[in-house]
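Here the structure is laid out as structure tokens; the discussion comes afterwards.
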Amino acid sequence: MLSKFIREPLLHFLILGAGLFLASSFMTKGPVDNEGQIIVGRSQIEQFVGAFIQANQRPPTDQEKEGLIRDYIRGEVYYREALAMGLDRDDAVIRPRLRTKLQFIIEDVAAQVEPTDDQLRTYLTDHPDKFRLDDRFSFLQVYLDPDLHGENVAHDAQKLLATLSETQGAQESTALGDPLLMEPKSNDASYTDIVKDFGDEFAAALRKLPIGTWQGPIESGFGVHLVFLTQRTDGRLPELDQVRAVVRREWANDYRVETNERFYESALKRYAVSVERPDSAPVGKAAGQEDRP
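Each residue of the sequence shown is one higher than the one before, starting from 224 at the first, in this note's numbering.
What follows is the structure in structure tokens.
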């Protein structure tokens, strides 16, 4: 939940309510004085013309413009008559479209809310797994192919480890292993990338290895490795300025979800929900309550 960083929910609901009122005024009826009057305003005609130009790459003729207006009036008449007949009720096509439209309006209003730095910092610290910088490693590795060494792979690894430990140059020692498509040297590789290349067990072992000595054997998805760790940089939570855009995007995504949920919970309180289950008698619910899946 986002209650820790949404500081003024009442204000946000007022903004949301005002936005829904304005949006519904323009999106459901158009500029109408009363139920028996249809007004086609200049702004609507400009919208018709703009849509025509975008679709046809030219402005409409006067005859085409009049056709656009007539088509809108016809659509408005049919729309109102259909509502008067109740044709929108229990319609498997209209119901999900109305739900999607309302959710779109709610999310569009929520998107206008700009978070403060304090809200973003709180979100950053409350969701460290989303933004934490990876551990990074620089290392050399010598590979032993289990197919080549068979049952002797563990013994051969220990023998090679002793040889490597006595070798002066760590860089040159990588030539002592078996061929492997992976490069023997990795510079500043992230933990995530190492997991992709070598597997979880290999990456986890790097977090525990001492720096500056040959260690092993360490298993990977390829086989067995001897590893010389040259540098390790522990992961950390970055400063807000380093990841502001990403934090802002994630905050906005969660805020839209939260706003939708709060709107639903608030609206649900105006209804008494009863669920008739096939295997039991009808279960009455108090106002604002329903069975959760």
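In this text, a Cβ means the ideal position worked out from N, Cα and C, and glycines have one as well.
- Task: With V376 as the anchor, note down where its alpha helix (DSSP H) starts and where it stops.
- Result: V376 to E389
- How long is the line joining the alpha carbons of R344 and L321, rounded to whole angstroms? 36 angstroms
- Task: Label P440 either buried or exposed according to how many other C-beta atoms from any shown protein chain fall within 10 Å of its C-beta, with 16 as the threshold for buried.
- Result: buried
- Task: Closer than 6 angstroms by C-beta to S413: which residues in its own chain qualify, once you throw out the five before and the five after it? Chain order, please.
- Result: D357 and R359
- Message: Which same chain residues end up closer than 8 angstroms to E330 when comparing Cβ atoms and leaving out the 5 residues on each side of it in sequence?
- Response: R479, T482 and N483
- Query: A490: buried (16+ other C-beta within 10 angstroms of its C-beta) or exposed?
  - Reply: exposed
- Message: For the ligand COA, I want to know if I261 counts as a neighbour, meaning its beta carbon is within less than 8 angstroms of at least one of the ligand's heavy atoms.
- Response: Among the components modelled here there is no ligand, and therefore nothing to report on the ligand COA.
- Query: By the 10 Å Cβ neighbour count, where 16 or more other Cβ atoms means buried, how is A510 classified, buried or exposed?
  - Reply: The predicted position of A510 is uncertain, since its pLDDT is 49 and thus under 50; no value can be drawn from it.
- Message: Here's the rule I'm using: 16 or more other beta-carbon atoms within 10 Å means buried, otherwise exposed. How should A495 be labelled?
- Response: exposed
- Message: Using the three-state DSSP reduction, which class does E499 fall into: helix, strand or coil?
- Response: coil
- Answer yes or no: do F354 and V450 have a C-beta to C-beta separation smaller than 9 angstroms? no
- Message: Spatial neighbours of K431 within its chain, please: C-beta separation below 7 angstroms, excluding the five flanking residues on both sides.
- Response: none
- Message: According to DSSP, simplified to helix, strand and coil, what is F354?
- Response: helix
- Hey, how far is the Cα of Y366 from the Cα of E473? 41 angstroms
- Residues sharing a beta bridge with S361, DSSP: Q454
- C-beta contact flag for G444 and G422 at 9 angstroms: yes
- Message: For a test of the three-state rule: what should DSSP assign to E406, helix, strand or coil?
- Response: coil
- Message: So, under 8 angstroms CB-CB, T453 and S388 are touching, yes? Tell me the CB distance rounded to an integer number of Å.
- Response: With 8 angstroms as the limit, T453 and S388 do not qualify as a contact, their Cβ atoms being about 15 angstroms apart.
- Item | Which of helix, strand or coil DSSP assigns to A412 | strand
- Item | Inter-residue Cα distance where the pair is P501 and V469 | 47 angstroms
- Item | Simplified DSSP state of Q270, which is helix, strand or coil | helix
- Query: Does the region 261-275 come within contact of the region 285-299, defined as at least 3 CB pairs closer than 8 angstroms?
  - Reply: yes
- Rank G290, Q286, T390 and Y295 by C-alpha distance to the C-alpha of G435 and give the top, closest one. T390
- Item | Helix, strand or coil at G439 [DSSP, three-state] | strand
- Query: Taking Cβ to Cβ, would you say D363 is nearer than 9 angstroms to P407?
  - Reply: One detail in the question is off: residue 363 reads as Leu in this sequence, not Asp. It is a contact, given that the beta carbons lie within the stated cut-off.
- Item | Supposed close pair G446, D368 - CB separation, criterion 8 angstroms | 5 angstroms
- Leaving out five residues before and five after H350 in sequence, what residues of the same chain have Cβ atoms less than 8 angstroms from its Cβ? E473
- Message: What would DSSP say about V336, mapped onto helix, strand or coil?
- Response: coil
- Query: Residues in its own chain within less than 6 angstroms of G458 by CB, not counting five upstream and five downstream?
  - Reply: R355, L356, D357 and D358
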